[in-house]
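For the sequence shown, our numbering assigns the number 510 to the initial residue and increments by one for each residue that follows. Think of the CB as a built atom: it goes at the ideal place given N, C-alpha and C, for glycine as much as any other residue.
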Amino acid sequence: MVTVRGERERHKERHDATVHFEECFWGSFSRSIVLPSHVKPDEAQAQMKNGVLTLTIPKAHGEMRVPIREDLS
Numbered sequence: 510m511v512t513v514r515g516e517r518e519r520h521k522e523r524h525d526a527t528v529h530f531e532e533c534f535w536g537s538f539s540r541s542i543v544l545p546s547h548v549k550p551d552e553a554q555a556q557m558k559n560g561v562l563t564l565t566i567p568k569a570h571g572e573m574r575v576p577i578r579e580d581l582s
């Protein structure tokens, strides 16, 4: 699981824009994301650019195989 926490500062009122919906207005926030079991969380990298957080988590080596049984009855 990856948890992202932060705090958003309250901006001054914008008189030239109409906002219909904002998920997080201001203040503290937290989001938790369940990771698939076939990743390497210890090798995760994070980058913040232009206010966008990008997490890169490599896949674990090996193949993920799902057995499919064909019932011929």
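Rounded to whole angstroms, PHE538 and THR512 show a C-alpha spacing of 10 angstroms. Considering only ARG574, GLU516, GLY560, MET510, the residue with the shortest C-alpha distance to SER541 is MET510. The continuous stretches of beta strand (DSSP E) do not include MET510, and DSSP gives it neither H nor E.
By a beta-carbon distance limit of 8 angstroms, GLU552 contacts PRO567. Their separation comes to about 5 angstroms.
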